[in-house]
Structure formats: C-alpha cells, structure tokens
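Q: Below: one structure in structure tokens.
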Amino acid sequence: MSSIPASPIENETHITSYPKFIGRSLWLATEGSFAFYAWMTALTAVFLVGANAWANQVAGGMIGTNMTDQVSWGLYIANFTFMVGLAAGGVMMVIPAYLYHDRKMHDVVIIGELLAIAAIAMCLMFVMADLGRPDRFWHMVPGIGKFNWPISMLTWDVIVLNGYLLINMHICGYLLYMRFLGRKPNPVWYVPFVMLSIVWAISIHTVTAFLYCGLGGRPFWNTALLAPRFLASAFVSGPAFIIVAMIFIKKLTGVGGLDQPIGTLTKIIRVTILINLLMVASELFTEFYTGGSHVSAAKYLFFGLHGKTALVPWTWTAIAMNLIAALLFLWPGVLMFKWRPVLVTACVMAFVGAWIEKGMGLIVPGFIPSTLHEIVEYVPSQLEWKVTVGIWAFGLMIFTIAIKTALPTLKRTDFIDNQD
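For the sequence shown, the positions run 175 to 594 when the numbering used here is used.
Below, the structure written as structure tokens:
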C-alpha cells in the first residue's frame, strides 16, 4: 500500500504545518487499494440504510420501534452499554505499554486509542437514536440545557464519555502530528494524558454501571457486582476486537511487530474472561439460591416466565460462546502462529458473547416484569436493527480511516520516545 513519505518540517510554524498535516491525513485516509475502496463502499452503503431508517424514525416517532412504556430501553441502549465497554477495553493496551514499559506494546498502543475514539463516537450516536427527539439533545449540554449536575448519574455519564473522547483525540492527534513533523513526541504533552486515560477508562464504565444499579425500582440491576462485571467484560471484548484488528492489519498492510502485542492481549483475556465468568456464576447463585420476588427477572432471562421466552435463546447462546471462548483461550496452542484461525474464532465468540451478555441480556430483563408486575416482551423491530447496523458501519468507517491515517506511525515506530 503506497503512502507519502514523511519528512521533517523544521522551519515552519504550526500555523502553516498543521493545515498540511490535516491535508496529508485526509489523503492517507482516502487513498488505498481496490479492497479498501470496496470495504469503504460497503460500509457507506450500510450506513446510508441506517441513516434512512433513523430519518424515518425521527419523522414517524418511536412508534416505529418495538419499545413500549414497559420496556423503554431496548437495542439502542444495549449497544450503547456495550460500546462504552469496548472504548474502555482499549486501555488494556495502554497499561502494559506505559505502566509495565512493554516496548512492543508501546509501539502499537495507538490502535487501542483509535478504537476508543470510534467506540465513543458510536456511543453518542446510539444515545441520539434512543432520544427519539434529537432536537432535545441540547438539554444534555452543560451550561446550556437542564443538566441536573451533579445529582443525575446521566450527566456524569455525559461528562466522562466526552472527556474520554477528548483525551484520546489529543493523544492520537499529537502523536500523529509529531510523526508528520518527523520529531520525537515530548512526553510532557502526552504521557500525563495517557495516565489520565487509564483512570478515565475505568470511570466511564463504572459511571455507566452506577447509572443502572442506582435505579432502585429495577432490582435486576441492584447489585454491587455490576460495575466490576462491566469492567471484566470490557477487558474481554476490547482486547478481543484489537487482536482481530491487528491480525488483519498485519495481513493486509505488512506492518510488523504485532505478534508480541497479540500474545500479551491473549494472555490478558485468559484472565479477564475467567473473572467475568466467575462474576456471572456468583450473580446466578445469589439470584436463584436465595429466591424471593426479585428473582423473576433472572428467571425470565434464563428460563422464561409464564410462557414468555424471547430472551432465553439469547442468554444461552451468550453463555455457550463465553464458555467455548474461555476454553479456546486457555488452550496453549492458541498462542502459536499456525493456530491463528483458532485465536480469531475465540475472539469473535468472546466478543459476541459479551455483546449479548451486556446488551440484550442485561438491559431488557431489567424491565421484565415491570414495576406493576406486567410481562411485556421486547423484540427489536426491523427499523431498530437497520439503525443499529448503520451506526456500527459508521463506527467501523471511523476506525478504518483512523488506522489508515496511522499506518505510517505503525510502520515506523522508532519515533515514539521509549519511557523505559
């Protein structure tokens, strides 16, 4: 894949060099092979289908979805919850690189930070889709709308998500700009933000968990393990996506130095997926062994309730995928290069399993039965699926463009100052 060779720009000011950096980034993001254009065309087509569905939703109202007064959060908020975890999971590259001074991970850590940017953008889009009336989004803007800060947990979520987005945009933008100038980045301008991003990544998913478990009328979410479960599953889904992405980047672009980071992330998932399964088992024991009226939502999720079983296939599919993925990750051969298809399979199964567990398997049963003990099932409508797939396509477009822009950085990693 061709690229413009970067040369130092020593005598120019930032006023003149930064527009050139933007122009070169746009060139890199849009230049590529036939396969790249085919991939981006397919994503664009899918995104346009989703955009059309969202336009119909805005024009016709939320009646086009299958959400009801009883189940007011559905597929959109399920994906929002998962995407917050995916964004937080990118920190699993930052911790080995900067806290444990893993040089190989340090060279490719920008992949995790770019994933965080794409995932947070998707989070915001899913919130917009769920609002129904996007013109009321201004109420969530601090200082302008009725923000209700610091009382409302939703306002805390808005702050931490946008803060995490800005932090990662600064880190990636600064590193790429220094690469364009041919200079070594000054650690003062990015290392403190990297350290802050580690804490911030944990906070975004913790605050999201508090948003749910703080709702006293929804006993299914009232558990102290919700935040740790969110973090454990995030540290499975995030590294799993990054592993698959790095395998494809290496295959399609020839970028070297990715094998050791892939091995490190695989070892991380070996631990986090077992922790996640342990927490799920602890939740199940507490729910079913103690019994009581609050166990109804869990019974509905796993076995159905009064003949209503819409979520049962989802739940057992997620459990099966997580268990199989755990066994594959624990197999010693998964770290060997010749068994890369097995590693990809394990990552995909862990990713999908976490998506179901934190999405449809968490959000919807929180509303069933309702506070009036009504059992109103929810199955996403075709319109909701179109909007959801469209947002996923747009997020993959952002990630693809970001990786294309960062390819020169990945191919020449000696410009990053080693913090050993």
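Here a beta-carbon is modelled for each residue, glycine too, at the ideal position from N, C-alpha and C. Since the model is a prediction, treat every value here as computed from it, not as a measurement.
#1: Going by the beta-carbon positions, is the gap between Gly-431 and Asp-276 smaller than 8 Å?
#2: Among the residues of its own chain, which have a CB less than 7 Å from the CB of Ile-575, if the five just before and after it don't count?
#3: Here's a check: name, in chain order, each residue in its chain whose Cβ is nearer than 6 Å to the Cβ of Met-241, leaving out the five neighbours to either side.
#4: Using a Cβ-Cβ cut-off of 6 Å (strictly less than) and excluding sequence neighbours within five positions of Thr-489, which residues of its own chain qualify?
#5: So, for Met-314: in the same chain, excluding its five sequence neighbours on each side, which residues have a beta-carbon less than 6 Å away from its beta-carbon?
#6: Quick check on the DSSP output: what are the complete alpha helix (DSSP H) runs of length 4 or more inside the stretch 365-421, in order along the chain?
#7: Using C-beta distances below 7 Å, list every residue in its chain close to Ala-492, excluding the 5 sequence neighbours before and after it, in chain order.
#8: When you compare each of Thr-579, Ala-580, Gly-564, Tyr-463 to Asn-253 by their alpha carbons, which one comes out closest?
#9: Could you tell me whether any non-hydrogen atom of the ligand ADP is closer than 7 Å to the CB of Val-561?
#10: Quick check on DSSP: helix, strand or coil for Leu-479?
#11: For Gly-437, collect the residues of the same chain with a Cβ closer than 8 Å to its Cβ; drop the 5 residues on either side in sequence, then sort them by chain order.
#12: Classify Tyr-274: buried if its beta carbon has 16 or more other beta carbons within 10 angstroms, exposed otherwise.
#13: Report the three-state DSSP secondary structure of Lys-278 (helix, strand or coil).
#14: Any contact between the stretch 538-554 and the stretch 512-519? By contact I mean 3 or more CB pairs, one from each, below 8 Å.
#15: Select from Thr-382, Met-327, Leu-200 the residue whose C-alpha is nearest the C-alpha of Thr-255.
#16: So for Glu-461, helix, strand or coil by DSSP?
#17: Buried or exposed for Phe-311, going by 16 or more other Cβ atoms inside 10 Å?
#18: Starting from the Cα of Arg-153, find the closest Cα among Val-368, Thr-446, Gly-428 and give me that residue.
#19: Give me, in chain order, the residues of the same chain whose beta-carbon lies closer than 6 Å to that of Phe-195; leave out the 5 immediate sequence neighbours on both sides.
#20: Quick one: give me the first and last residue of the alpha helix (DSSP H) that Trp-194 is part of.
#21: Can you have a look at Ile-443 and say buried or exposed, based on whether 16 or more other CB atoms are within 10 angstroms of its CB?
#22: Assign Tyr-213 to one of three DSSP states: helix, strand, or coil.
#23: Using a Cβ-Cβ cut-off of 6 Å (strictly less than) and excluding sequence neighbours within five positions of Ala-484, which residues of its own chain qualify?
#24: Report yes or no: do the stretch 226-240 and the stretch 291-311 share at least 3 C-beta pairs separated by less than 8 Å?
#25: Whose C-beta lies closer than 7 Å to the C-beta of Leu-217 among residues of the same chain, with five residues either side of it excluded?
#26: Note down the Cα distance separating Glu-287 from Gly-264, rounded to an integer number of angstroms.
#27: Note down, one range per segment and in chain order, each alpha helix (DSSP H) of at least 4 residues found wholly within the stretch 246-293.
#28: Are Ile-325 and Trp-374 touching if we call contact CB-CB under 8 Å?
#29: For Val-410, collect the residues of the same chain with a Cβ closer than 7 Å to its Cβ; drop the 5 residues on either side in sequence, then sort them by chain order.
#30: Count the other C-beta atoms from every protein chain shown that fall within 10 angstroms of the C-beta of His-379, then say buried if there are 16 or more, exposed otherwise.
#31: Where does the unbroken alpha helix (DSSP H) through Arg-353 begin, and where does it stop?
#32: My output table needs one value for Asp-309: the three-state DSSP class, helix, strand or coil.
#33: Tell me the rounded alpha-carbon separation between Tyr-211 and Gly-197.
#34: What distance in whole Å lies between the Cβ atoms of Tyr-338 and Ala-261, which are believed to be in contact at a cut-off of 8 Å?
#35: Counting C-beta neighbours from all protein chains within 10 Å, is the total for Trp-395 16 or more, i.e. buried, or is it exposed?
#36: Ile-542 and Ala-471: beta carbons closer than 8 Å?
A: So, from the listed chains and residues:
#1: no
#2: Ala-203
#3: Gly-248
#4: Leu-475, Phe-476, Gly-535
#5: Val-332
#6: 365-387
#7: Gly-527, Ile-530, Glu-531, Gly-535
#8: Gly-564
#9: Here there are no bound small molecules, and the ligand ADP is not part of this structure.
#10: strand
#11: Leu-509
#12: exposed
#13: helix
#14: no
#15: Thr-382
#16: helix
#17: exposed
#18: The requested residue 153 is not part of the displayed model; the chain covers only 175 to 594.
#19: Tyr-351, Phe-354
#20: What sits at residue 194 in the sequence shown is Lys, not Trp. Here the alpha helix (DSSP H) through Lys-194 covers 188-204.
#21: buried
#22: Checking the sequence, you will find Trp at residue 213 rather than Tyr. Three-state DSSP puts Trp-213 in a helix.
#23: Glu-551, Val-553
#24: yes
#25: Ala-567, Leu-570, Met-571
#26: 6 Å
#27: 249-263, 265-268, 277-282
#28: no
#29: Ile-443, Thr-446, Ile-447, Asn-450, Ala-524, Ala-528
#30: buried
#31: 327-355
#32: helix
#33: 19 Å
#34: 7 Å
#35: buried
#36: yes
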